[in-house]
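Peer 1: Numbering (the numbering used here), first residue to last: -18 to 419. Yeah, the Cβ is synthetic: ideal placement off N, Cα and C, and Gly gets one too. Please see the structure below; I have some questions.
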Ligand code: HGY
Ligand code: MN
Ligand code: MN
């Protein structure tokens, strides 16, 4: 669907969804195509086996052994589906399916298969496995699309949407040197998974290179389940900024140092964590702020902590609001430092995904497609970050959400039902077919 058509559709949308729906409905869903839900579920369980550590925790963290093995397994399946998978300079896995008219730009879809430490088996995996399922259904039904298709599995999504940021041309030299969760720098990690960071520019896609990008993903929150809605149509994705926070106090004897003569870094850090929560809650809105990491040095019963390192994260759809909240937190930190005779400093981390709105016309196609499949839908924002927010910088991009049971994610308790995964994959398949023919 060309940009002009996107604009037309948006214009039509402003007349009212009913006209647009009827336009789309005539494009009808190809109901002869049925996603194989059992195959999706079986692959979710198979992928989950990679990266399980000695304590049985899921650890398919980007660039680790589990990630490398999981990627190899997935590429095997892509090969069997005739997608000739390759790895680009950023470590993204790309599988291609020819269209009737290869002069057209590709419709791309996929997600990521890396996970957070001790994470869940559905974040990223659902969208990746459903994307493969779409390709296999098209193969099995001998369907040729007008546009070429590309299945993309982005590298290190959890570490800051690294692979998609690189594809959008925003991964800097500084960003490549950032330490990833695996302990490797991003550059070392990209190399470990078959990328070529010295030639990172070669993976860049420019505006116009991609016809449309679609990502199916679990909601990772509890709204869809609570409101009993089957499909979420994502309107926007929050920006995420991370700071390393260093609290410098003075390590000393825990027994011989009177209470009024201490420079206790952990006391200051504890006050800081509470201040973050207070400041984030001090203004109206859906912003969130978290201190998710904390390391105490030297870490002994009988030593007053001399240094604490924390990880601060703030998210919101509005980048200026993130900065405003950080300023408030910084101000609180200077008061805490004075009162505890410590020093609190902030290192803003590179690779911060900026907020992104998804493509309105694509949202409408997703919405109409889901409804034509008899599914309920809700337009909503994403509190989680995604590769889509990077690709939205260079192409019309949109996301399809399915419910997360009990709103749990980034946890081994993360779960989505087979029916929801089937619904999501069917909406993905039919949306691709509609975008292809419009
Ligand atoms: O952290 C996130 O929001 C995403 O799951 N990477
Ligand atoms: Mn994800
Ligand atoms: Mn995640």
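#1: Using the Cβ count rule (16 or more neighbours within 10 Å means buried), how would you classify residue 317?
#2: Would you list the residues whose beta-carbon is nearer than 5 angstroms to any heavy atom of ligand 2, in the order they occur in the chain?
#3: Can you look up residue -15 in the DSSP assignment and give me helix, strand or coil?
#4: Would you say residue 234 lies against chain D (beta-carbon separation less than 8 angstroms)?
#5: Can you check which of these residues, 384, 289, 411 and 196, is closest to residue 346 by C-alpha distance?
#6: Would you kindly work out how many angstroms separate the C-alpha atoms of residue 106 and residue 181, rounded to a whole number?
#7: For the putative contact between residue 310 and residue 257, defined by C-beta atoms under 8 angstroms, what is the C-beta separation to the nearest angstrom?
#8: In this structure, does DSSP put residue 470 in helix, strand or coil?
#9: Does the distance between the C-beta of residue 365 and the nearest non-hydrogen atom of ligand 3 fall short of 7 angstroms?
#10: Span of the beta strand (DSSP E) holding residue 358?
#11: Is residue 97 close to ligand 3? I mean its beta-carbon at under 7 angstroms from any heavy atom of the ligand.
#12: Residue 54: which of 241, 31 and 404 sits nearest, CA to CA?
#13: In whole angstroms, what separates the C-alpha of residue 3 from that of residue 413?
#14: Could you check if residue 230 is buried or exposed, using at least 16 other CB atoms within 10 Å of its CB as the buried criterion?
#15: Apart from the five residues just before and just after residue 323, which ones in its own chain have a Cβ nearer than 7 angstroms to its Cβ?
#16: Can you list, in chain order, the residues of its chain whose CB lies under 6 angstroms from that of residue 65, leaving out five sequence neighbours each side?
#17: Could you check if residue 7 is buried or exposed, using at least 16 other CB atoms within 10 Å of its CB as the buried criterion?
#18: Taking residue 496 as part of the alpha helix (DSSP H), name the residues at either end of that continuous run.
#19: Quick check on the DSSP output: what are the complete beta strand (DSSP E) runs of length 3 or more inside the stretch 192 to 241, in order along the chain?
#20: Are residue 255 and residue 405 closer than 8 angstroms when you measure CB to CB?
#21: When DSSP labels each residue in this structure, what does residue 173 get in the three-state scheme?
#22: Out of curiosity, what's the CA-to-CA distance linking residue 302 and residue 400?
#23: Throw me the rounded Cβ distance for the residue 272 and residue 292 pair, which I believe falls under 8 angstroms.
#24: So, for residue 135: in the same chain, excluding its five sequence neighbours on each side, which residues have a beta-carbon less than 6 angstroms away from its beta-carbon?
#25: How long is the line joining the alpha carbons of residue 269 and residue 192, rounded to whole angstroms?
#26: Look at residue 352 and residue 214 and say whether their C-beta atoms are less than 8 angstroms apart.
#27: Relative to the C-alpha of residue 69, which candidate in 376, 378, 199 and 176 has its C-alpha closest?
Peer 2: Straight from the coordinates:
#1: The residue you call residue 317 lines up with position 336 of the chain shown. So residue 317 counts as buried.
#2: 104 and 105
#3: Taking the chain shown and counting its residues from 1, one reaches residue -15 at position 4. Since pLDDT at residue -15 reaches only 42, below the 50 mark, its modelled position is unreliable, and no value is offered.
#4: Of the chains in the structure shown, none is chain D; there is only one protein chain.
#5: Locating residue 346 in the chain shown gives position 365, where the first residue counts as 1. Of 384, 289, 411 and 196, the residue nearest in Cα terms is 411.
#6: As a position in the chain shown, residue 106 is number 125, starting the count at 1. As a position in the chain shown, residue 181 is number 200, starting the count at 1. Going from the Cα of residue 106 to the Cα of residue 181 covers about 25 angstroms.
#7: Taking the chain shown and counting its residues from 1, the one referred to as residue 310 is at position 329. Taking the chain shown and counting its residues from 1, the one referred to as residue 257 is at position 276. Yes, they are in contact, since the Cβ atoms of residue 310 and residue 257 sit about 6 angstroms apart, within 8 angstroms.
#8: Outside the modelled stretch of the chain, which goes from -18 to 419, sits residue 470, for which no answer is possible.
#9: What you label residue 365 is simply residue 384 of the chain shown in a count that begins at 1. Residue 365: yes, Cβ under 7 angstroms from ligand 3.
#10: The residue labelled residue 358 in the question sits at position 377 within the chain shown. Residue 358: member of the beta strand (DSSP E) spanning 358 to 363, first to last residue.
#11: In the chain shown, the residue the question calls residue 97 occupies position 116. Checking the Cβ of residue 97 against ligand 3 gives yes.
#12: Locating residue 54 in the chain shown gives position 73, where the first residue counts as 1. It is 31.
#13: The residue given as residue 3 occupies position 22 in the chain shown. The residue given as residue 413 occupies position 432 in the chain shown. Because the pLDDT of residue 3 is 41, which lies under 50, any placement of that residue in the model is unreliable, and the number read from its coordinates should be weighed accordingly. Each residue's alpha carbon lies about 18 angstroms from the other.
#14: Locating residue 230 in the chain shown gives position 249, where the first residue counts as 1. Classification of residue 230: buried, given that the 10 Å Cβ count is 16 or more.
#15: In the chain shown, the residue the question calls residue 323 occupies position 342. Contacts found: 228, 229, 230, 244, 246 and 249.
#16: By one-based count along the chain shown, residue 65 stands at place 84. Correct list: empty, nothing qualifies.
#17: The residue given as residue 7 occupies position 26 in the chain shown. Residue confidence is low: residue 7 scores 45 on pLDDT, short of 50, so the model does not pin down where it sits. Its coordinate-derived value is still stated next. By the 10 Å Cβ count, residue 7 comes out exposed.
#18: As shown, the chain starts at -18 and ends at 419. That puts residue 496 outside it, with no answer to give.
#19: 193 to 199, 212 to 218 and 220 to 229
#20: Here residue 255 corresponds to residue number 274 of the chain shown, with the count starting at 1. Here residue 405 corresponds to residue number 424 of the chain shown, with the count starting at 1. For residue 255 and residue 405, no; Cβs fall outside 8 angstroms.
#21: Residue numbering aside, residue 173 sits at position 192 when the chain shown is read from its first letter. DSSP places residue 173 in helix when its eight states are reduced to three.
#22: For the purposes of this step, residue 302 is taken as residue 321 along the chain shown, with counting starting at 1. For the purposes of this step, residue 400 is taken as residue 419 along the chain shown, with counting starting at 1. Going by the C-alpha atoms only, they are around 38 angstroms apart.
#23: On the chain shown, residue 272 is found 291 positions in, with the first residue counted as 1. On the chain shown, residue 292 is found 311 positions in, with the first residue counted as 1. Confirmed, about 7 angstroms.
#24: Taking the chain shown and counting its residues from 1, one reaches residue 135 at position 154. Excluding positions up to five away in sequence, the list reads 73, 93, 144, 145 and 368.
#25: Translated into positions along the chain shown, residue 269 becomes position 288. Translated into positions along the chain shown, residue 192 becomes position 211. In a straight line, the C-alpha of residue 269 is about 33 angstroms away from that of residue 192.
#26: Translated into the one-based positions of the chain shown, residue 352 becomes position 371. Translated into the one-based positions of the chain shown, residue 214 becomes position 233. Not in contact: residue 352 and residue 214 (Cβ atoms no closer than 8 angstroms).
#27: Position 88 of the chain shown holds residue 69. When only C-alpha atoms are compared, the closest one is 176.
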